[in-house]
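What follows is a single structure, written as structure tokens, with notes after it.
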Amino acid sequence: MVESFFGLKREPFSIAPDPRFLYMSDKHREALAYLMYGLRRGGGFVLLTGEIGAGKTTVYRHFLEQLPGNIDVAYIANPKLGVTALLRRICEDLRVELPPHDQYVDPIDALQGHLLLQHAQGRRALIVVDEAQALSTDVLEQMRLLTNLVTNDRKLVQMLLIGQPELRTILEQPVLEPVAQRIVARFHLPSLSEGETGRYVAHRLAVAGLEGEMPFDPLALARIHKLCGGVPRRINVLCDRALFAAQSGGSRLIDSRIVDRAAAEVFGRPAPAAASPRAVTPAPATAPRRWPAWLALTGVAAAALVAGLALAPTIAPALSRSVAWMAPSRLPMIALPAPVPASAATPVVAVEPAPPPTMSAPTVVTLANASSTALNTSPDAKASATTPALAASAGTQNASLDALLAGGWTDEAGAWRALASLWGANLPAGTDPCGAALKQGLHCYRGRGGLAPIRELDRPGVLRVVDARQRVSYVVLLGLGGANATLRDANGNDLAVPLAQLARAWRGDYATFWKAPAGYREGEVVGTTGAVAPWVGERLGPPAIAASGAASAPGADETLRARVYAFQLAHGLEPDGVAGPLTLMQMNRESGVDEPRLKR
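To convert a position in the sequence shown, counted from 1, into my numbering, add 1.
What follows is the structure, given as structure tokens:
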């Protein structure tokens, strides 16, 4: 096989989605920040465009993961729907009750009544349209009319349009001027630069398990960029074929000649290089943007950032969501680097939604009499990340909530030992779980809060649950879907629990394991210096701001702190510029560190 020939553990360039290969570049984080900024505006249209395969779906998936739990999403995958079919699909996704087709009712009236009721309960609606360049003028006009559904002080619905570059041209038509005027944020994803293409290829090979020399020589990487135009999906196809061609010829080094032969097979002819389009800011500007907007917008104080003023870590709590158990210690103000042209961003893999793999697993117990109104803090369309340890269910049996609570561990140490087995660790009975785990390279983390940050961490954990008689027990969280959580009890049963019922027993206590980088000491708060700082800088990729050449530019320490701060904002963490355990866990997740993930 190609993988064994090159010393890889898994296929590195599959076009199938695999969260382990996901890496958000600076441009993709910037796009995510624009989307979050637009969401905070609370109405109108948010626009995300990019070339085919540039990573729009990657940004959208991250955006979905960071949505607050009070936002309901209607996802339109078929832009060819007519006005009536579109309205019905929106009503279906938002769970608006409509009469049968033979009983006419204006769907807009039904939708407005539903949205008003949801607004009274503190909820909002977001309508997402993929491949929006295919929308007809009539449908776009109808979507504009939907944005007119308002209360006295707030719009009831917001639109996110995702499409190819021609969507921008379509919206410039005079007939669609009313739609264009309602765009509150927009961003265009450019293709990868030549340097980014090389880093992108190296990243995928590293995640696939490459430990030796890079198989692609520099000229081959340059040729790949030219042939693929910096589009990640095309890069995947070409590199996959090049590895096969090299293995067939018995060569572990891939040069430009092998790349050309592979290109002739997969493309038929060399593909033209694509120019990197310019990113579009959310408001007109006469001067070119010099600050990475994902630092400015996510901090809310864009003017202060452009002026190079100090940025306090308290200015963006709304963007980072309510994450009480994430709260790190507050630090002094962060002096951001002076505004100079941004350097190259880190490459990213373009991923599209796909069903998770099916694997064998223990029996799943479904609670009887489950509530039909289970909490829905995440749309079902969210991307899933599964591992062999957390596989799909095989069978079901009924159980009551009391039986679930009674089946949990009465001692927390037992739950810790079960959790450790998912990491491949064995904690002896009678020992301190965290102390024993530390000897095997695992650190303990404890927190308290809600499900949203647990979704973001995407790792199994121990939950403390309390029954009606205030008896405490512990269960292991294996999965977290849109309406159910999968829990393992002390008897080895996997329990599918509606979130509404879990909320009756769980008070927010959460604990988990994580793998720290080499040199990390237990309890250490990683700043901008020390043994772990280089690891943090490497995971963040090249600086988005070049500090040299500016009289007021800070040193490398402050540059790294600003980059950590921006990373935290883009991932919904409490921003302080210091890489604590939660930030390091997120970096592990993005860089493909082998850790168990939650079943969706």
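The beta-carbon is built from N, C-alpha and C at its ideal position, and this holds for glycine as well. Since we're looking at a predicted model, the values are computed, not measured.
Practice task
Would you decide whether Gln174 is buried or exposed? Buried here means 16 or more other CB atoms lie within 10 Å of its CB.
Solution key: Start at 1 with the first residue of the sequence shown, and residue 174 comes out as number 173. Under this definition Gln174 is an exposed residue.
Handout entry: Span of the beta strand (DSSP E) around Gln159
Key = Along the sequence shown, one-based indexing puts residue 159 at 158. Per DSSP, Gln159 belongs to the beta strand (DSSP E) from 158-164.
Handout entry: Limits of the alpha helix (DSSP H) - the one that Pro175 falls within
Key = Your numbering for residue 175 matches position 174 in the sequence shown. Counting along the chain, Pro175 falls outside any alpha helix (DSSP H), and DSSP gives it neither H nor E.
Handout entry: C-alpha distance - Ala504 paired with Glu413, whole-angstrom precision
Key = Along the sequence shown, read from residue 1 onward, the residue named residue 504 stands at position 503. Along the sequence shown, read from residue 1 onward, the residue named residue 413 stands at position 412. So the two alpha carbons sit approximately 20 Å from each other.
Exercise for the section: Express the C-alpha separation of Trp507 and Pro233 in angstroms, rounding to a whole number. Expected result: Residue numbering aside, residue 233 sits at position 232 when the sequence shown is read from its first letter. Residue numbering aside, residue 507 sits at position 506 when the sequence shown is read from its first letter. Their Cα atoms are separated by approximately 42 Å.
Handout entry: Coarse secondary structure for Tyr521, derived from DSSP in three states
Key = As a position in the sequence shown, residue 521 is number 520, starting the count at 1. Coil, per DSSP.
Practice task
Just tell me which of Leu157, Met25, Glu66 has its CA closest to the CA of Leu95.
Solution key: Locating residue 95 in the sequence shown gives position 94, counting from the first residue. When each option's Cα is compared against that of Leu95, the closest is Leu157.
Exercise for the section: To the nearest angstrom, report how far apart Leu391 and Cys240 are at their CA atoms. Expected result: Position 390 of the sequence shown holds residue 391. Position 239 of the sequence shown holds residue 240. Its pLDDT being 45, under 50, Leu391 is placed unreliably by the model, and the measurement read from it follows with that caveat. Their backbone Cα atoms lie some 30 Å apart in a straight line.
Handout entry: Opening and closing residue of the alpha helix (DSSP H) in which Asp241 lies
Key = The sequence position of residue 241 within the sequence shown is 240, counting from 1. It spans 233-249 - the alpha helix (DSSP H) in which Asp241 sits, taken as one unbroken run.
Practice task
Identify every residue that forms a DSSP beta bridge with Lys600.
Solution key: In the sequence shown, counting from the first residue as 1, residue 600 sits at position 599. Bridge partners of Lys600: Gly480.
Handout entry: In DSSP terms, what Pro535 is bridged to
Key = As a first step, residue 535 must be located in the sequence shown, where it is residue number 534. Answer by DSSP bridge pairing: none, since Pro535 is not bridged.
Problem - Contact set for Pro446: own chain, Cβ-Cβ below 7 Å, skip 5 residues either direction - result: In the sequence shown, counting from the first residue as 1, residue 446 sits at position 445. Strictly speaking, residue 446 in this sequence is Tyr, with Pro absent from that position. Result list for Tyr446: Ala512, Thr513, Trp515, Pro582, in chain order.
Practice task
State the DSSP-derived secondary structure class of Pro100, mapped to helix, strand or coil.
Solution key: Counting from 1 along the sequence shown, the entry for residue 100 is found at position 99. Note: Pro100 maps to coil in three-state DSSP.
Problem - Where Gln441 falls, given that 16 or more other Cβ within 10 Å makes a residue buried - result: Position 440 of the sequence shown, counted from the first residue, corresponds to residue 441. Exposed, since its Cβ has fewer than 16 Cβ neighbours within 10 Å.
Practice task
Assuming Ala126 contacts Pro80 (C-beta within less than 8 Å), just tell me the rounded distance between them.
Solution key: Taking the first residue of the sequence shown as 1, we reach residue 126 at position 125. Taking the first residue of the sequence shown as 1, we reach residue 80 at position 79. Incorrect: roughly 19 Å between the Cβ atoms, too far for contact.
Exercise for the section: Compute the Euclidean distance between the alpha carbons of Ile128 and Leu40, then round it to the nearest angstrom. Expected result: Counted from its first residue, the sequence shown places residue 128 at position 127. Counted from its first residue, the sequence shown places residue 40 at position 39. About 11 Å.
Exercise for the section: Provide the residue span of the alpha helix (DSSP H) that contains His572, from first to last. Expected result: What you label residue 572 is simply residue 571 of the sequence shown in a count that begins at 1. From DSSP, His572 is part of no alpha helix (DSSP H); its letter is neither H nor E.
Exercise for the section: Give the DSSP-derived three-state secondary structure of Gly114 in the structure shown. Expected result: Looking up residue 114 in the sequence shown gives position 113. Helix, per DSSP.
Practice task
Could you name the residues of the same chain whose beta carbon sits closer than 6 Å to that of Arg42, not counting the 5 residues immediately before and after it, in chain order?
Solution key: Looking up residue 42 in the sequence shown gives position 41. Hits under 6 Å: Val185.
Handout entry: Cβ neighbour criterion (16 or more within 10 Å) applied to Gln587
Key = On the sequence shown, residue 587 is found 586 positions in, with the first residue counted as 1. Its Cβ being crowded by 16 or more others within 10 Å, Gln587 is buried.
Problem - Alpha carbon of Asp256 to alpha carbon of Asp218, nearest angstrom - result: On the sequence shown, position 255 is the one that residue 256 refers to. On the sequence shown, position 217 is the one that residue 218 refers to. One C-alpha to the other measures close to 6 Å.
Problem - Span separating the alpha-carbon of Ala34 from that of Gly408 - result: In the sequence shown, residue 34 corresponds to position 33, counting from 1. In the sequence shown, residue 408 corresponds to position 407, counting from 1. Straight-line Cα distance between these residues: approximately 43 Å.
Exercise for the section: Going by DSSP, name the residue or residues bridged to Gly70. Expected result: Here residue 70 corresponds to residue number 69 of the sequence shown, with the count starting at 1. According to DSSP, Gly70 bridges with nothing at all.
Exercise for the section: Starting from His204, follow its DSSP beta bridges and name the residues at the other end. Expected result: Residue 204 sits at position 203 when you count from the first residue of the sequence shown. Partner(s): none; His204 has no beta bridge.
Practice task
Enumerate in chain order the residues of its own chain whose CB-to-CB distance from Arg590 is below 7 Å, with the five nearest sequence positions on each side excluded.
Solution key: Here residue 590 corresponds to residue number 589 of the sequence shown, with the count starting at 1. Within the same chain, Arg590 has close Cβ partners Asp459.
Handout entry: Arg235 beta carbon less than 8 Å from that of Ala263
Key = As a working note, residue 263 is residue 262 in the sequence shown. As a working note, residue 235 is residue 234 in the sequence shown. No. Outside cutoff.
Exercise for the section: Put Asp139 into one of helix, strand or coil per three-state DSSP. Expected result: What you label residue 139 is simply residue 138 of the sequence shown in a count that begins at 1. Reduced to three states, the DSSP call for Asp139 is helix.
Handout entry: Sequence-distant residues of its chain with Cβ nearer than 8 Å to Gly520 (five each side left out)
Key = Working through the sequence shown from its first residue, we reach residue 520 at position 519. Excluding residues within five positions, the ones whose Cβ falls inside 8 Å are Gly531, Ala532, Val533, Trp536.
Handout entry: Limits of the alpha helix (DSSP H) - the one that Phe6 falls within
Key = Position 5 of the sequence shown, counted from the start, is the residue given in the question as residue 6. From DSSP, the alpha helix (DSSP H) with Phe6 extends over 3-6.
Exercise for the section: Just mark Lys10 as buried or exposed, buried being the case when its beta carbon has 16 or more other beta carbons within 10 Å. Expected result: Position 9 of the sequence shown, counted from the first residue, corresponds to residue 10. Result: exposed.
Practice task
Determine the closest residue to Glu195 out of Leu220, Pro216, His226, Val180, with distance taken between C-alpha atoms.
Solution key: Counting from 1 along the sequence shown, the entry for residue 195 is found at position 194. Of the listed residues, the one whose Cα sits closest to Glu195 is His226.
Problem - Element boundaries [alpha helix (DSSP H), containing Thr85] - result: The sequence position of residue 85 within the sequence shown is 84, counting from 1. 84-94 is the extent of the alpha helix (DSSP H) around Thr85.
Handout entry: Host alpha helix (DSSP H) of Val267 (start-end)
Key = Sequence index remark: in the sequence shown, residue 267 carries index 266 (1-based). Where Val267 is concerned, the enclosing alpha helix (DSSP H) stretches over 257-267.
Practice task
Mind checking who Phe514 pairs with in its DSSP beta bridge?
Solution key: For the purposes of this step, residue 514 is taken as residue 513 along the sequence shown, with counting starting at 1. For Phe514, which the question treats as bridged, DSSP gives the partners Cys445.
Handout entry: Cβ-based neighbour list, Gln165, same chain, cut-off 8 Å, excluding 5 preceding and 5 following
Key = On the sequence shown, residue 165 is found 164 positions in, with the first residue counted as 1. Answer for Gln165: Thr50, Gly51, Glu52, Ile53, Glu132, Gln134, listed in chain order.
Practice task
Check whether the Cβ of Ala453 sits closer than 7 Å to any heavy atom of the ligand ZN, and report yes or no.
Solution key: The model depicted lacks the ligand ZN and carries no ligand whatsoever.
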